[in-house]
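Chain order of the listed sequences is A and B.
Residue numbering for the first sequence follows the numbering used here, starting at 16 and increasing by one per position.
Residue numbering for the second sequence follows the numbering used here, starting at 7 and increasing by one per position.
A short worksheet on the structure shown next.
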Amino acid sequence: MMFSSFKNYWQKKGLKDERFTFLFDDPPPDEFVVFDTETTGLDSKKDNIVSIGAVKIKGNKILTNEALHIYIKQESLISQESIKVHRIRNCDLEGAITIEEGIERFLYFTRNRTLVGYYLEFDVAMINRYMKPMLGINLPNKQQDVSAIYYDKKISLIPQGNIDLRFDTILDTLALPRLQCHDALNDAIMTAMMYLKLQHSHSLR
Amino acid sequence: MMELLKNLQAYPPFSLLDIEAIKEFEYAGQIAYYPSETILVEVGHAFEMLYIIIKGRVEAYHDDELINVYDNHDSFGGIEHLKQHPSNERYIVSEELICYEIPKHIFLAVCEKNHAFRDYFITSLVDRADLLKEKQEYASMSDLMIARLEKNLLHDVCIVEYKTNIKEALEKMEAQKVSALLVRNHEGYGIVTDTNLRQYILHKDEQEIKTIGQIQTNPIITIQEGELLFNVLLLMTQHSIKHLPVLNDKSEPIGILELIDLVSFFSNQTHLITVQIESATTLEATIEASKRVMVMIGALHSRGVKSRYIAKLVSEINKKIYTKLFYFIVPKEWHEYCALILLGSEGRGEQILRTDQDNAFIFADGFVPNDVEKISLSFIEALDAIGFPRCEGNVMVINPKWRQHVAEYIELFDIWVEHSTPNYLIDMAIFFDSICVAGKQSLHTDLREVLIYKVQQYPILIRHFAKSIENFDSALGLFSQFLTLHKEHKNEIDIKKTALFPMIHGIRALALEQGIGATNTYERIKELNNNGFLSREDAQDMIEALEVINTLRLHTQLKQYNSKKPISNYISLVELGKMERDLLKDALKTVAHFRKIVSYHFQLSMVG
């Protein structure tokens, strides 16, 4: 705790844009933002963000009516390989915004809320890659990873077990509906359902 | 648009909305999570939301009584919003709930613009009332089926001594306005009806006939007071009689039941058909009369008679048809040395519509049936003419395998038992479900006992036999949602594979193991309950589940038949009302529970 507020202090000192000081306010206890990014690849140093999807959780509700779903303009054409993965074609990027505007909208949406995601580290690294040059800081928000929460609950049942942390496996174990279409927003919504359910379940099968 | 809303749009009433309306929901709706036991709405409180279940289950209670259950894709709260009415029930989450919530004012605004959508909620209220009414009518129908023989149905008895002069007896009959006379003999009673009088008039000059005792029918068929009317009907159709003396518990006659009165309870078609078949003197007349069975089934079903009773009646009539054909077609020399048996579902007496020809001959050892080829063929052709489809598995007397001598059948049993390949196990199953309808009964009875004995020598064999209940997956998923089929059978389930077969076969395996003689599945369940294998509750649940499954199946098949479509076992869930769907769901749950019992009992997980 000490350490993290210390770190936050240094982060705050590095913030280049005063509009975003709200990022360092104490997070509201029962509000979260679940987000997911679609990228051109899996290398957070090289690849680009194509789309960001995010929903807020407040208490027991997922506020899908306030969802954020943005597409980012690309400097070069999206490669064949990555289109196969995220199914976002170049023509789907009409109405897309610049990455700078995207990051700002994301931050205004998220504010100081705790971030939730599936393998969140990657998505956070993706955001940071753009945010650091823009604002001088990385995302300072608290973070919770559903795969980690799931692992902790599951490992207590099978201590020596090999835990399958695939997205679909977690959905099945938690008996959640699978939304066929994988885009950033749908994945964020499914992750939000996982999170709510994990918070309320005492034991897993 | 969110995928979630696309999913929503696949089901009524949301399928009635255009994209604009769905978007309004998208801008206002939220996903909510509620743990089990959460009370969503209390009695007397107004709904804040329209709830649409994504996953989970909600139960509605009124004074501790369960009124309704809502599952995936169901919605609730709509009617109350439209009627501006507080909730009459308490809504409780019974299985962890993830639902989509749409605020009341948005729902009402969308209703205002989309009348078909609004009407769905209002008419579904009417439908619900209709369903309820239908259910009550159905209940009173089933009351009819369980009605018992009571005195108010009976005509007074008119009894005369056997020594009474015929004229005197007839005068008494006329005075008392009865259509049948009971004749008291030294031992027991005889009866005199129009038939006897006709015989008397025809033959009175040839023989010396003076007393009523000389023209009576004796012994007579009687029945006890309090018997189920349905059984009475069966008895009268079986024997083709119009007058039935009814006795009290001291075996004294208390009245005469006339068929015409019974007929006012049931369709007289059933009787008509049996009489026509019975009295047919040519093969052609038999075939003509038999064709009318379909009409009768439709009439009985539309009156709400339970499918198992229809099946019983139909199999009774089918037996008569087979018997009649046997005596018309099969030469007299065969009768003492040959048994005609029905196998499989016909043997169980459970076929209703598609009465496939499943039949076989058993010949006594040493008997040489002449012209067997030709006779078998004309037998099958007569059945073709009536409209019985041929058996796809070729279980028919035209197949040499199914017309053999006793010793040859026993050799066959040995092969079945020894090799127990899937095909042999199927043969075993259908033979185990066989009954004899004509010819020398004992040939069949003995042979079937041999089979049961042989099978019981190999306990492992019965386990292999039972294994095939695991061949088809249940139509219910882990969370009690229907698992429907795809492509041309979208939103349908195969009721035979997923429900009927596991039930019938599981029961058959248990019956075989326990050496139960009955072939009918309902009877077998009762026997399994009597010998303590099944608890009373389980047996009751299973009979009800079987009834629901068979009724829905019959209902669908009649529809297919009437619209001249091929008859299949696919049931469309979209065409079922919520109540029927709920009933079906409960039935499938019972089937799943029973599968567990069977698979545990035979330790099927260990059977390869």
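We treat Cβ as the ideally placed atom computed from N, Cα and C, and that holds for glycine.
Small disclaimer: the values here were computed from a predicted structure and weren't measured.
- Burial is judged here by how many other beta carbons sit within 10 angstroms of a residue's own beta carbon; A:Lys-60 has fewer than 16 and is exposed.
- Residue pairing of B:Pro-259 in beta bridges, as defined by DSSP: B:Leu-253.
- Annotation: B:Glu-167 to B:Leu-265 spans about 25 Å, alpha carbon to alpha carbon.
- Two segments are said to touch when three or more pairs of C-beta atoms, one from each, lie closer than 8 Å; by this definition the stretch 205–214 of chain A touches the stretch 114–134 of chain A.
- Residues of the stretch 51–78 of chain B with a C-beta atom less than 7 Å from some C-beta of chain A are Ile-60 and Lys-61, listed in chain order.
- Taken in chain order, the unbroken stretches of alpha helix (DSSP H) that lie wholly in the stretch 40–93 of chain B and span 4 residues or more are 84–88.
- Cβ atoms of A:Met-205 and A:Leu-186 come within 8 Å of each other, at about 6 Å.
- DSSP places B:Tyr-33 in the helix class (H, G or I) of the three-state scheme.
- Using a CB distance cut-off of 8 Å, B:Gln-36 counts as an interface residue toward chain A.
- Interface annotation, A:Thr-79: in contact with chain B, CB-CB separation under 8 Å.
- Here the alpha carbons of B:Gly-232 and B:Ile-85 stand approximately 48 Å from one another.
- A straight-line Cα-Cα distance of about 40 Å links A:Ile-118 and A:Ile-173.
- Using a Cβ-Cβ cut-off of 8 Å, A:Cys-196 counts as an interface residue toward chain B, since at least one Cβ of chain B sits closer than that to its own.
- In the structure shown, A:Thr-55 adopts coil according to DSSP, grouped into three states.
- In the three-state scheme derived from DSSP, where H, G and I count as helix and E and B as strand, A:Lys-76 is classed as strand.
- Closest in C-alpha terms to B:Arg-63, from the list B:Asp-80, B:Gln-462 and B:Lys-380, comes B:Asp-80.
- Counting the other Cβ atoms within 10 Å of the Cβ of B:Met-242 gives 16 or more, which makes it buried.
- Counting only unbroken stretches of 3 or more residues, the beta strand (DSSP E) elements lying wholly within the stretch 402–479 of chain B are 409–411 and 441–445, in sequence order.
- The three-state reading of DSSP puts A:Asn-23 in helix, counting H, G and I together.
- For A:Ile-204, the residues of chain B that pass the 9 Å Cβ criterion are Met-8, Glu-9, Leu-10 and Ile-37, in the order they occur in the chain.
- Ranked by Cα distance from B:Ser-351, the first of B:Asp-211, B:Lys-338, B:Ile-510 and B:Asp-255 is B:Ile-510.
- For the pair A:Ile-164 and A:Leu-213, the Cα-to-Cα distance works out to about 7 Å.
- The Cβ of A:Leu-200 sits closer than 8 Å to at least one Cβ of chain B.
- If you check the CB distance, B:Leu-235 and B:Leu-268 come in under 8 Å.
- The beta carbon of A:Met-209 does not come within 8 Å of any beta carbon belonging to chain B, so the residue lies off that interface.
- DSSP places B:Asn-191 outside both helix and strand once states are collapsed to three, so it counts as coil.
- Your pair B:Ile-128 and B:Leu-103 does not check out as a contact, with CB atoms roughly 26 Å apart and the cut at 8 Å.
- Within 7 Å of the CB of B:Tyr-33, the CB atoms of chain A belong to Asn-80, in sequence order along the chain.
- For the C-beta of A:Pro-192, the chain B residues within less than 7 Å are, from N- to C-terminus, Ile-60 and Lys-61.
- Within chain B, the residues placing a beta-carbon under 9 Å from that of A:Lys-212 are Tyr-39, Glu-102 and Ile-104, ordered along the chain.
- Proximity of A:Lys-31 to chain B, defined by a Cβ-Cβ separation below 8 Å, is not satisfied.
- Collapsing the DSSP output to three states places B:Glu-294 in a helix.
- Taking the Cβ atoms as the reference, B:Ile-549 lies roughly 6 Å from B:Tyr-528, within the contact range of under 8 Å.
- By the criterion of a C-beta distance shorter than 6 Å, B:Ser-440 is surrounded in its chain by Ile-347, Leu-349 and Gly-353, once the five residues flanking it on both sides are discounted.
- Residues of chain B with a Cβ closer than 8 Å to the Cβ of A:Asn-75 are, in chain order, Ala-38, Tyr-39 and Tyr-40.
- In the assembly as shown, B:Tyr-459 is an exposed residue. Its beta-carbon has fewer than 16 other beta-carbons within 10 Å.
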